[in-house]
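In the numbering used here, the protein residues as written are 84 to 674.
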């Protein structure tokens with residue numbers, strides 16, 4: 084009796100799993116899959132191999148979510164089925180998952196197969212893993228053949244010469260498959276396989292595959308061949324690159340599909356490193372020129388993004404002359420490109436040319452371009468230039484920078500269009516950090532204070548936030564000597580809007596300056612303004628006191644703030660009364 088009870092107990096986990104996996108509730112099925120490792124531990128390694136894994140293999144007809152979780156779990160299942168010696172037991176369920184329709188599930192199954200491949204012994208690879216790869220590669224449905232493409236490179240290095248030849252032959256079939264999806268998968272994995280194949284077979288077998296894929300009728304296949312090109316070029320000698328790879332790469336750079344040209348532009352600096360300086364000079368410089376003046380904006384933008392990196396990687400001996408004669412004329416045209424994405428891409432990297440070209444060339448050739456970009460209609464272009472001013476500053480010095488670019492920034496700061504003024508305000512903390520406190524005080528401080536009395540509310544609001552960011556950058560002492568006196572002076576302005584701006588500034592400055600400076604320098608002004616003859620100012624005094632209350636000490640709150648709020652709560656104006664009462668209840672120490 085006891086023996087049969089024990090048998091029943093040992094069957095219990097698998098019985099529960101079977102029930103849950105057949106349950107109509109997807110969440111329950113998902114949870115049971117996520118608990119597989121616990122169930123396998125309860126069953127032990129032998130029963131996991133003989134019962135659990137066959138059961139999972141047979142029940143692979145479920146929602147994609149459940150299958151995805153299963154594919155993930157099986158990748159970490161090796162210890163639960165008895166270790167590397169028995170890892171091949173996991174292949175049947177993963178093989179089934181690698182053939183399902185949903186791409187995410189297939190990809191995860193392939194990932195798990197790649198993971199457990201390394202745990203197979205060479206003999207198990209040839210007896211179990213390679214036959215699985217070949218079965219997938221010969222599958223009727225494209226789904227299994229696309230999955231097979233990701234498995235060739237992981238098993239290739241550890242099998243015998245005959246099996247290697249078989250794998251290469253099958254991979255060639257994948258590259259020539261009738262279905263574009265399979266050829267795409269093969270093109271994606273070609274570079275990976277190239278890294279593990281012997282050099283003689285790389286030249287004899289893989290490069291012909293690469294050439295065919297790069298001439299495929301589908302542009303989605305051709306563009307993936309560009310990625311393989313980088314891996315292959317890295318593995319070959321200079322003369323082999325010239326002979327075997329460059330003719331195909333030249334074709335890709337002039338491909339009729341913009342997507343392929345875009346991919347060449349996207350991978351350009353990687354290609355440059357792979358082919359070396361000599362081929363860069365003879366082939367890649369002309370190719371880069373044609374990409375920079377491509378008829379498609381997306382291609383020009385991708386190439387523009389690479390300008391700095393391409394120039395940095397040029398052979399230092401010829402670097403300056405190549406940039407000045409071959410690249411800069413095209414860059415000048417892009418500064419006035421009709422497409423804002425192209426201009427923005429260029430603006431994000433163009434400043435990086437300064438350190439490469441040196442002081443004279445920067446002043447002579449680049450500064451005029453920066454000025455044009457600073458005045459560009461597109462705010463992103465202007466932001467990208469201002470964000471990278473420190474590159475130029477290091478090369479030409481702050482004096483030259485202030486003479487050439489700052490007048491343009493100051494001009495934009497008082498632009499008739501308020502949105503332009505707003506954009507400059509937003510860049511100001513960035514600029515301040517790059518220029519330093521002394522230079523900022525001399526050139527830009529007045530500008531920041533002028534914005535506080537702008538006739539557009541959005542500008543005044545942004546200017547107050549700007550002050551807070553500047554104080555965070557330069558410190559409370561700077562605020563005390565430079566900003567606070569000017570803010571307090573606004574409390575006596577004739578225009579009530581400016582008096583209100585004074586309160587808005589105190590709201591944001593109090594937090595940045597801390598309790599001492601707030602109580603000593605700003606609180607007295609707020610309390611005085613409680614007697615203002617404009618109700619809007621008085622109720623904003625109540626709001627300010629509520630805002631700065633939490634950082635003031637108890638004696639200050641009871642002795643100075645409370646009497647003023649009590650007085651305001653008996654005001655003749657209904658709004659002032661309301662906000663004063665709100666402030667009293669909103670400051671815990673006064674409640």
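All C-beta atoms, glycine included, are put in the ideal place defined by N, C-alpha and C.
Taking a cut-off of 8 angstroms for Cβ pairs, the segment 552–559 and the segment 572–582 do not touch, as fewer than three such pairs fall below it. Here residue 539 is exposed, its C-beta having fewer than 16 other C-beta atoms within 10 Å. For residue 536, the CB contacts under 6 angstroms within the same chain, skipping 5 residues up- and downstream, are 581 in chain order. Pairing residue 663 with residue 669, the inter-Cα distance amounts to about 10 angstroms. Counting only runs of 4 or more residues that sit fully inside the segment 140–179, the alpha helix (DSSP H) segments are 147–158, in chain order. With distances taken between CA atoms, residue 467 lies nearest to 388 out of 309, 241, 671, 388. One thing to note: residue 634 has its Cβ no nearer than 8 angstroms to the Cβ of residue 665.
Per DSSP, reduced to three states, the secondary structure at residue 400 is coil, with no helix or strand assignment. Counting C-beta atoms within 10 angstroms of its own C-beta, residue 603 has fewer than 16 neighbours from the protein chains shown and is therefore classed as exposed. Residue 226 carries a helical assignment under DSSP once its states are collapsed to helix, strand and coil. Here the alpha carbon of residue 647 sits roughly 17 angstroms from the alpha carbon of residue 589. Residue 344 is not a Cβ neighbour of residue 375, given a cutoff of 8 angstroms. Residue environment analysis places residue 362 among the buried positions, since at least 16 neighbouring C-beta atoms fall within 10 angstroms of its C-beta.
Assignment of residue 641 by DSSP, reduced to helix, strand and coil, places it in the helix class.
Around the Cβ of residue 657, a 10 Å sphere holds fewer than 16 other Cβ atoms; the residue is exposed. By the C-beta density criterion, residue 400 is exposed, having fewer than 16 other C-beta atoms within 10 angstroms. Pairing residue 138 with residue 229, the inter-Cα distance amounts to about 26 angstroms.
In the three-state reduction of the DSSP assignment, residue 182 falls in the coil class. Nearest C-alpha to residue 177 among 165, 155, 169, 168: 155.
In this structure, the alpha-carbon of residue 446 lies about 56 angstroms from that of residue 189.
Assigned with DSSP and collapsed to three states, residue 652 falls in coil, not helix or strand. Looking from the CA of residue 162, the closest CA among 186, 187, 199 belongs to 199. Taking C-beta separations shorter than 6 angstroms and ignoring five residues to either side along the sequence, the partners of residue 454 in its chain run 491, following chain order. Excluding residues up to 5 positions away in sequence, 164, 165, 169, 172 lie with their Cβ nearer than 8 angstroms to the Cβ of residue 132 in the same chain. Around the beta carbon of residue 309, a 10 Å sphere encloses 16 or more other beta carbons of the protein chains shown; the residue is thus reported as buried. For the segment 547–582, the full-length alpha helix (DSSP H) segments reaching 4 residues or more read 567–572 along the chain. If you draw a 10 Å sphere on the C-beta of residue 224, you find fewer than 16 other C-beta atoms in it, and that means exposed. Comparing alpha carbon positions, the residue from 120, 549, 606, 272 closest to residue 571 is 606. Residue 566 is positioned such that its CB atom lies no closer than 8 angstroms to that of residue 586.
Distance from the CA atom of residue 621 to the CA atom of residue 659, rounded to whole angstroms, is 6 angstroms.
Between the beta-carbon of residue 613 and that of residue 569 there is about 21 angstroms, and that puts the pair past the 8 angstroms contact cut. For residue 467, the secondary structure class from DSSP, reduced to helix, strand or coil, is helix. Per DSSP, the continuous alpha helix (DSSP H) segment holding residue 413 begins and ends at 411–418. The alpha-carbon of residue 119 is positioned some 40 angstroms away from that of residue 259. In the three-state DSSP reduction, residue 422 falls in the coil class, being neither helix nor strand.
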